[in-house]
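>
Protein chains: 2
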Amino acid sequence: MEKITSLLKRRGFIYPGSLIYGGLQNTFDYGPLGVEMKKNIKDEWWNRFVRRRSDIVGLDSAILMNTKVWEASGHLAEFSDPLVEDKITHERFRLDHLLEQAGTKIGGLSFEQMIEKMKGKNIKSPNGNELTDPRKFNLMLKTSLGATLETSSDIYLRPETAQGMFVDFKQILESTRKKIPFGVAQIGKAFRNEITPGNFIFRTREFEQMEIEYFILPPKEDKEWMEVFNTWQKEMEKWIEDLGILGSDIHILDVPEGERAHYSKKTIDFEYEFPFGVKELYGLAYRGDFDLQNHIRESGQDLSFVDEDGKKFVPHVIEPTFGVDRTMLAVLVSAYDKEQVEGEVRTVLRLPNWLSPIKVAVLPLSKKEELINLCEDVLRELSDLGIISEIDITQSIGKRYRRFDEIGTPYCVTVDFDTLEDKKVTVRDRDTMKQERVALTGLGKYLKEKVF
Amino acid sequence: MEKITSLLKRRGFIYPGSLIYGGLQNTFDYGPLGVEMKKNIKDEWWNRFVRRRSDIVGLDSAILMNTKVWEASGHLAEFSDPLVEDKITHERFRLDHLLEQAGTKIGGLSFEQMIEKMKGKNIKSPNGNELTDPRKFNLMLKTSLGATLETSSDIYLRPETAQGMFVDFKQILESTRKKIPFGVAQIGKAFRNEITPGNFIFRTREFEQMEIEYFILPPKEDKEWMEVFNTWQKEMEKWIEDLGILGSDIHILDVPEGERAHYSKKTIDFEYEFPFGVKELYGLAYRGDFDLQNHIRESGQDLSFVDEDGKKFVPHVIEPTFGVDRTMLAVLVSAYDKEQVEGEVRTVLRLPNWLSPIKVAVLPLSKKEELINLCEDVLRELSDLGIISEIDITQSIGKRYRRFDEIGTPYCVTVDFDTLEDKKVTVRDRDTMKQERVALTGLGKYLKEKVF
């Protein structure tokens, strides 16, 4: 993991945030290569699940929402971790973590049950000291809006993008006139005051989600929602496969009753074998009509759907959730490879071509002007075709190959002195390292077919 | 303006945020059509200024930054509005606004000078009551991170995306090995606790920016930075033109000395004739080396650039800033049109094709199955070509044309009973309303050339 993070920082994928000021509590910035790769992920997700489907529409709701949203959703009362404090050092710890370390299964335990377990087990702080009674620590980040006494109020940064889709459900229905089943999709930032952020970009307080709420008619039989659930599970598996993640590195966890939310008849986690353990990558949940019913009750608004016969329903919902940052991490970990080549170690990111931030490297064999001019012509042609490319003129050709292997560039195009004569270039494949002479005429088309 | 906002809400461009709970202080959500149009704007900006240029790289830095960033940038001390309070009603007002209304030019006045003016003018509250002395009200939204006593601290949501690009300057330089001149570009959310948000999405507390910091060598003569400045001014004018905004609706304001920041030798505002007045749309500023020098001083880090001869420089910077939400608003206002057609009023959004959220409407003349099947074939072909399209089968063809005129769809394709015979469809142009028979074979290619 350290080797990967060091590569990602050095090459401009992911930097520690606010680094010149000593950083800030596990925040990260996406550098020039990271931001391109992240955009590739988000664009393909949006094209696949929104633009190429007529049954899903997009939304971009505000991060700042009325506090009543979080009252209705239960986040204000329940979205919390149980914290205990070391009576001597005043350090705070998550009680659920301490209980787990003491061998207690905590899945599904209520706050009160955890207190009982804590007393029964005589749990101490990791420093060996006594602990205070636990208190609930809400995970939402609070801020305050407004300057006048009348309007100033506590506001929370959304801890998930999902609620925006429920709160706007009726407006979306009215303006799009969609029929059930249909879905709403959103990509956006969310914030959680995690007690223990960590493992690089796996758990951060600021993160980005790609979520879909897929609304269906209230099912008369389980098999009705099960069919939609299974279809979404397959969609997610296909997505994971297209990211270049091996199916054997993914474990589907069927979250047992008692550990999943009480309103969910089925929840599965897509777990990935991260270097620091098997952890949740994505989630898929059947949430019934819990969310819409909450908002109907608390807002007093009618959020039901009326079908062509005039019958009213509160739709049920299936929710596929994808973390953007976790996608980045899983893809990068999957793609990272080292191998022996001619007695040297070659580091290579075996990214699927569509994910690579730079698709083609254009390399003049020497710094001679006529070669560089030719390279610039090639670059311009590729750029016009929408193929992100880069010219690199420094150091030996071997070192330059390694430099682009390391960032996952699928093809290197070398312009040499023969090129001036035969109007051909050498195209090298990142994975096979095989080289091919390709005519300059048609080079753009040749590469375009390969990289998209 | 009311007609426009009502259209935008009704058709799913822009909804009031948290509406079912009575909204939240001028927050807005982008609905299914708005999110597509916004994505078109951001994607084109990114393609134009990052992907198609070899001298600009992208960044996506965190919204949460170390508080020392805002100490260094001056935001913590200076990014504030002067507020006064009505002694009777306790309402608060911006003193600069009250002074302006009283006919005082406040550009460039310091906080202390405003107090003097206030006393001299005997400024009263709009309710006629006495006012308190002004106090500085910081515009940054504050939150708090961390659960343990040791790490919990006040953190601000960034009020601009720019600082991320300065703070990461050295990391970007090292990982990309770019030479000066080069730029860093970023698109992202920022937050300001505006005292008086308003005018729809013109001034909101949560907003999105597209910014570039373009680094140049410290100029020996003014004309060196002036040339780069002029080039950027032209780039911005070209961008505005491509948005379909008339040059005559744009006013370039050369911000006079005393009103612009003290470190800026030149700042221009691109002002647009919004329905509620002539207001700032974009900005372009030459900021010297003010930002990097601040961070060098406060962080103690060396943020200079070393050229090939080993000479060290602190680069200067030209900063073009584009508001995403203001772009949306200016484009929508510019595109909105009403005209008399056959005795009826036609509302039409004359959006440039590349900005339209739905490019093509596919309309069966009747609900007959064979026509709908044909429409679905057409939709599939267009979708495969990346052309976002929609089938609409309800109401008369005339009403459906109007519906798509209103959301700026450039082309309507009508499938009628003749289509079954002659394999041709009617393609209607939004602006001219002219209709043309086009063969089904090649229809996708025909439309693709028109809409992109």
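As you go down the protein sequences, you meet chains A and B in turn. Per the numbering used here, residue 16 is the first one in the first sequence, and the count goes up by one each step. Per the numbering used here, residue 16 is the first one in the second sequence, and the count goes up by one each step. Note that the Cβ used here is the ideal one computed from N, Cα and C, for glycine as well.
(1) Using a Cβ-Cβ cut-off of less than 9 angstroms, give me the residues of the stretch 328 to 353 of chain B that come near chain A, in sequence order.
(2) Name the residue from A/204, A/171, A/318, A/337 whose alpha carbon lies nearest to the alpha carbon of residue 251 of chain A.
(3) Going by Cα to Cα distance, which pick from A/290, A/295, A/303, A/186 is closest to residue 239 of chain A?
(4) Are the Cβ atoms of residue 274 of chain A and residue 300 of chain A separated by less than 8 angstroms?
(5) With 9 angstroms as the C-beta to C-beta threshold (strictly closer), list the residues of the stretch 232 to 253 of chain A near chain B in chain order.
(6) Look at residue 403 of chain B and residue 66 of chain A and say whether their C-beta atoms are less than 8 angstroms apart.
(7) On the CB-based measure, 16 or more other CB atoms within 10 Å of its CB, does residue 290 of chain B come out buried or exposed?
(8) Determine, using beta carbons only, whether residue 447 of chain B comes closer than 8 angstroms to chain A.
(9) Do you know how far the Cα of residue 455 of chain A is from the Cα of residue 438 of chain A?
(10) Taking buried to mean at least 16 other C-beta atoms within 10 Å of its own C-beta, is residue 312 of chain B buried or exposed?
(11) In the DSSP assignment, what are the bridge partners of residue 443 of chain B?
(12) For a contact meaning CB atoms closer than 7 angstroms, what does residue 425 of chain A contact in chain B?
(13) Measure how close the beta-carbons of residue 221 of chain A and residue 204 of chain A come, nearest whole angstrom, since I'm counting them as under 8 angstroms.
(14) So if I threshold CB-CB distances at 7 angstroms, which residues from the stretch 290 to 313 of chain B count as touching chain A?
(15) Of all Cβ atoms in chain A, is any one closer than 8 angstroms to the Cβ of residue 76 of chain B?
(16) For chain B, check one thing: does any of its Cβ atoms lie closer than 8 angstroms to the Cβ of residue 453 of chain A?
(17) Check each residue of the stretch 37 to 58 of chain B: if its Cβ is closer than 9 angstroms to any Cβ of chain A, include it; give the result in chain order.
(18) When the Cβ atoms of the stretch 40 to 58 of chain B are set against those of the stretch 363 to 376 of chain B, are three or more pairs found closer than 8 angstroms?
(19) If we ignore side chains and look at the alpha-carbon of each, how far apart do residue 253 of chain A and residue 242 of chain B end up?
(20) Counting only C-beta atoms, is residue 415 of chain B closer than 8 angstroms to chain A at any point?
(21) Would you kindly work out how many angstroms separate the C-alpha atoms of residue 146 of chain B and residue 206 of chain B, rounded to a whole number?
(22) Assign residue 434 of chain B to one of two classes, buried (16 or more other C-beta atoms within 10 Å of its C-beta) or exposed (fewer than that).
(23) Just verifying my parser: in three-state terms, what is the DSSP assignment at residue 78 of chain A?
(24) Is the CB of residue 20 of chain A under 8 angstroms away from at least one CB in chain B?
(25) Does any CB atom of chain B fall closer than 8 angstroms to the CB of residue 34 of chain A?
(26) How about residue 142 of chain B: is its C-beta nearer than 8 angstroms to some C-beta of chain A?
(27) Do you know how far the Cα of residue 151 of chain B is from the Cα of residue 131 of chain B?
(28) Would residue 198 of chain A count as contacting chain B if we go by Cβ distances under 8 angstroms?
(29) Could you check if residue 475 of chain A is buried or exposed, using at least 16 other CB atoms within 10 Å of its CB as the buried criterion?
(30) Quick one: grab the DSSP three-state call for residue 394 of chain A.
(31) Any Cβ of chain B within less than 8 angstroms of the Cβ of residue 191 of chain A?
(32) For the stretch 215 to 227 of chain B, enumerate the residues whose C-beta is nearer than 7 angstroms to any C-beta of chain A, in chain order.
(33) Please state whether DSSP places residue 207 of chain B in a helix, a strand or coil.
(34) What does residue 153 of chain A pair with, by DSSP beta-bridge criteria?
(35) Whole angstroms are fine: how far does the CA of residue 155 of chain A sit from the CA of residue 13 of chain A?
(36) Identify the contact partners of residue 316 of chain A in chain B, using a Cβ-Cβ distance below 7 angstroms as the criterion.
Based on what the coordinates show:
(1) none
(2) A/337
(3) A/303
(4) no
(5) none
(6) yes
(7) exposed
(8) no
(9) 6 angstroms
(10) exposed
(11) For residue 443 of chain B, DSSP records a beta bridge to B/427, B/450.
(12) Identification of chain B residues near residue 425 of chain A by a Cβ-Cβ cut-off of 7 angstroms yields none; the smallest Cβ-Cβ distance measures about 17 angstroms.
(13) A Cβ-Cβ separation of about 6 angstroms places residue 221 of chain A in contact with residue 204 of chain A under the 8 angstroms criterion.
(14) 310
(15) yes
(16) no
(17) 37, 38, 39, 40, 42, 43, 44, 45, 46, 47, 48, 49, 50, 51, 53, 54, 58
(18) yes
(19) 51 angstroms
(20) no
(21) Cα-Cα distance, rounded: 28 angstroms.
(22) buried
(23) Looking at residue 78 of chain A - three-state DSSP - the assignment turns out to be coil, as it is neither helix nor strand.
(24) With a threshold of 8 angstroms between beta carbons, residue 20 of chain A makes no contact with chain B.
(25) yes
(26) Chain A, which has no Cβ nearer than 8 angstroms to the Cβ of residue 142 of chain B, makes this no.
(27) 15 angstroms
(28) no
(29) Missing from the structure shown is residue 475 of chain A; chain A here goes from 16 to 467 and no further.
(30) helix
(31) yes
(32) 220, 221
(33) coil
(34) As a beta-bridge residue in DSSP terms, residue 153 of chain A pairs with A/95.
(35) Given a span of 16 to 467 for chain A in the structure shown, any question on residue 13 of chain A remains unanswerable.
(36) Those within 7 angstroms of residue 316 of chain A in chain B are 35.
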